[in-house]
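So in the UniProt record's numbering, the last spot in the sequence shown is 128, and the numbers never skip.
Beta carbons: idealized from backbone N, C-alpha and C, even for Gly.
These numbers come from a predicted model, not from an experiment.
Report on the following structure.
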Amino acid sequence: MAEMKVAADVDIKWVEVPEAQDIWEGDIVDAEVEGEQVIIVHHLDGTYAAFQGLCPHQEVLLADGTWDEITCVLACPGHLWEFDMQAGNGINPKGSTLYRYQVEENDGVIRVGIPQDGQTHYLKSYES
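Here is the structure:
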């Protein structure tokens with residue numbers, strides 16, 4: 001599946017995500033940010049990542065899935081599609097991908113960067 005690219009000259013709107021302020025290391029949280037469903041991961045090493053919050057298969061909320069903070073794998077509750085939440089790449093099936101947002105943390109405040117290009121930042125895949 002092709003990865004969604006955002007042009008380098010597109011403005012990014014940084015939006016604070018209150019739902020993620022107290023997220024523990026090794027945990028995930030979902031939030032609606034500027035009309036887009038986003039899942040935020042606080043990795044065990046202290047870093048953060050943010051991805052589209054809906055499965056690219058059938059738009060099921062990924063945060064309701066099975067999360068393994070050690071392997072960093074999230075399984076969708078719909079059809080058990082699995083994603084590596086370090087990079088957003090599909091494990092099962094391979095080739096599926098999650099859109100990755102920019103994310104930053106400053107003094108406990110988490111902000112997600114939403115491209116201001118008029119598009120919904122959501123990758124889809126229709127494999128069975």
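For residue j and residue i, the rounded distance between their alpha carbons
| i | j | result |
| --- | --- | --- |
| Q117 | I70 | Residue identity differs from the one stated: residue 117 is Asp in this sequence, not Gln. Using only the alpha carbons, I get a separation of about 35 Å. |
| G35 | Q52 | 11 Å |
| T120 | I12 | 13 Å |
| L62 | D9 | 30 Å |
| Q21 | D107 | 10 Å |
| V29 | W14 | 18 Å |
| Q58 | L44 | 29 Å |
| N89 | S96 | 6 Å |
| S125 | Y101 | 18 Å |
| V103 | V33 | 12 Å |
| A50 | C76 | 16 Å |
| V60 | V112 | 21 Å |
| P18 | Y48 | 15 Å |
| V109 | H79 | 34 Å |
DSSP bridge partner residues for residue i (one or two, in chain order)
| i | result |
| --- | --- |
| G113 | W14 and Q102 |
| D107 | BP columns for D107 are empty, so no partner. |
| L61 | L54 |
| T97 | N89 |
| I28 | V41 |
| T120 | According to DSSP, which records beta bridges pairwise, T120 is partnered with nothing at all. |
| E82 | A75 and N92 |
Endpoints, beta strand (DSSP E) assigned at residue i
| i | result |
| --- | --- |
| Q37 | E36 to H42 |
| A20 | It is not in any beta strand (DSSP E) - A20 carries neither H nor E in the DSSP assignment. |
| T66 | T66 to D68 |
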